[in-house]
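Remarks on the structure that follows.
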Amino acid sequence: MKKLSSLILVILLSSVLALVGCGNQSASNESSSEGEAKEASALPASGPITINQDIPSDQKIESKGPNGEEAVSAKTLELTEEEIAKIKEGNYKAAIAMHYAGNDWSQAQIDGLKAAFSKMGIEVLSVTDAQFKSEKQVSDIETILARNPDIIVSIPVDPVSTAQAYKMAAEQGVKLVFMDNVPNGLEHKEDYVSVVSADNYGNGIQAAEIMAEQLGGKGKVGVVYHDADFFVTKQRTDAFEKTMKEKYPDIEIVARGGISGPNDGLKVAAAMLTKHGDLDGIFGVWDVLSEGILAAARQAGREDLVITTIDLGTNVGLNIAQGGLIKGLGAQLPYDQGVAEAILAAHALLGKETPSYVAVPALKVTQENILDSWKMVYNSEAPEEIQEAAK
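Letter by letter, the sequence shown follows residues -20 to -1, 1 to 371 of mature numbering (1 follows the signal peptide of the UniProt record, and there is no 0).
Spelled out as structure tokens, the structure:
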């Protein structure tokens, strides 16, 4: 019974972490297990494959990998036209095994992967949706392996219970590229090609910088953090707090409140504003809970409160475009993360050395660049309501 309870807890916590990576996006119960995801946006027909070179890169990658690795910027990755031609000759096949495919963050990753693989002439056999269930992901991987893929790109639902399935794939000679995290016990080079993530630490810095700019370098702020030992969210909060302490000594963090799930933002922020009526700003560790912070501020009549966060979802994007209380955020770039994963898989097929940890640069999003930022994050135009608000 204890083992079962522990497994359930791990799966629930993994689901929360997945939501952190996804941002506030539309949920869907539809599975894309046979590659039924929406049509991928195309990369330029000619030339090398790279991630979007318009992504700002004036700041270094701040994040470390799951095992403390130094990050290599995804902007340094390239697959030349000659290499693309060689890959096409191999008639390779790939599969994508998602933890969950029913949101825009996952779909953007899939789109980036499909677009890059299409340009390489690599057939995508299937895109599976584990629906946050580790046992389903194990079954998905076993089904995929029966089709003899050359590549699997995946994000583990749970790094412990799925590890053996990924190990089986590695032993079968499949090139494994991971999103965000690595299954327990797998070794770089021996078992997997690389892990690709957003610069979560860098995004935390961006949220701090926006807060400091809005407050004129002085004031009192609160922090709503994720009260769980999760690598991604801890990096974000650490970055925000360290930036304030070291760079903005006149901004004091006077309140901290932990949440266990995305719906706790309202309750925690409301209590924070009741106890600290003189707060000038609140940082929320991801966008969904920051919608709760926004609601709490409105309930308290605090239309002067400054809110910053991480992840560009539709609701926070709309509030930023409207010039609302959410003044900006640090954003992930999932489409380009997918392109980077495909490039690394191709490098492995070509026998090239691959770094153990790659990160896509952080993106600072404010009202001034909300439309350009949306297009950069999702490789598509912003929803009409955001476009109208931005005008």
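Glycine included, every Cβ here is placed at the ideal spot set by N, Cα and C.
Distance, Cα to Cα, residue i vs residue j?
i	j	result
Asp120	Phe112	12 angstroms
Gly238	Val248	7 angstroms
Ala268	Gly293	Just to set this straight, residue 268 is Val in the shown sequence, not Ala. Taking the straight line from one Cα to the other gives about 8 angstroms.
Asn164	Pro139	5 angstroms
Asn295	Glu271	8 angstroms
Tyr181	Met191	16 angstroms
Thr123	Gln317	25 angstroms
Ala342	Leu23	21 angstroms
Lys371	Lys169	49 angstroms
Lys116	Arg127	17 angstroms
residue 408	Thr288	Lying before the first or after the last residue shown, residue 408 is absent from the chain, which here runs from -20 to 371.
Gly92	Gln215	25 angstroms
Gly308	Lys344	7 angstroms
Ala75	Lys198	50 angstroms
Thr30	Asn83	24 angstroms
Gly331	Thr108	27 angstroms
Lys355	Ser26	21 angstroms
Val176	Ser98	20 angstroms
Ile306	Leu274	7 angstroms
Glu151	Ile290	38 angstroms
Asp230	Leu351	32 angstroms
Gly153	Leu166	14 angstroms
Gly257	Gln186	26 angstroms
Thr254	Asp171	51 angstroms
Val204	Leu105	41 angstroms
Asn71	Lys94	15 angstroms
Ala64	Ser86	Reading off the sequence, residue 64 comes out as Ile, not Ala. Whole-angstrom Cα-Cα distance: 25 angstroms.
Arg282	Glu226	28 angstroms
Gly48	Phe210	14 angstroms
Lys147	Leu125	12 angstroms
Ala110	His206	24 angstroms
Gln33	Gln279	42 angstroms
Is the distance from the Cβ of residue i to the Cβ of residue j below 7 angstroms?
i	j	result
Pro129	Lys73	yes
Ile135	Ala149	no
Gln194	Val286	yes
Ala369	Leu298	yes
Met224	Ala188	yes
Gly184	Phe220	yes
Ala301	Ile366	yes
Ala96	Ala322	yes
Ala51	Tyr337	yes
Val162	Pro46	yes
Ser118	Ala145	The amino acid at residue 118 is misidentified as Ser; the sequence shows Val. The answer is yes: Cβ separation under 7 angstroms.
Val212	Leu324	no
So, helix, strand or coil for residue i, using DSSP?
i	result
Val206	The residue asked about is misnamed: residue 206 is His in this sequence, not Val. His206 falls in the strand class under three-state DSSP.
Arg282	coil
Glu226	helix
Gly199	strand
Leu59	strand
Asp120	helix
Tyr72	coil
Leu105	strand
Ala311	strand
Tyr80	coil
Glu232	strand
Lys371	coil
Leu259	coil
Glu42	coil
Ala211	First, the residue type needs correcting, since residue 211 is Phe and not Ala in the sequence shown. It is helical.
Leu269	helix
Ser12	Unreliable positioning characterises Ser12 in this predicted model, as indicated by a pLDDT of 38, which lies under 50. A coordinate reading is not provided.
Taking 7 angstroms as the limit between beta carbons, can you name the residues of its chain near residue i, skipping five residues before and five after?
i	result
Ala328	Lys155, Val173, Thr334
Pro28	Glu58, Leu59, Thr60, Glu61
Ser114	Ile(-10), Val137, Asp138, Ser141, Thr142
Ser53	Ser37, Ile41, Ala339, Pro341
Ser353	Leu292, Ala311, Leu343, Val345
Lys68	Met100, Gly101
Gly303	Gln347
Rounded to the nearest angstrom, how far is the Cβ of residue i from that of residue j, given a contact under 8 angstroms?
i	j	result
Ala208	Leu246	Actually they do not touch by this definition, with Cβ atoms about 19 angstroms apart.
Met100	Ala320	Met100 to Ala320, Cβ: 14 angstroms. No contact.
Asp179	Ser43	5 angstroms
Looking only at its own chain, which residues have a Cβ that is under 6 angstroms from the Cβ of residue i, when we skip the five neighbours before and after it?
i	result
Ala88	Pro314, Tyr315, Tyr358
Asp284	none
Gly202	Ala235, Met252, Leu259, Ile262
Glu232	Lys200
Give a yes or no on whether the minimum CB-CB distance between residue i and chain D is below 7 angstroms.
i	result
Ala208	Of the protein chains in the structure, only one exists, and it is not chain D.
Leaving aside the five residues before and after residue i along the sequence, list all residues of the same chain whose C-beta is less than 8 angstroms from its C-beta, in chain order.
i	result
Ile35	Lys55, Leu313, Asp316, Val340, Pro341, Leu343, Met356
Asp244	Leu269, Gly272
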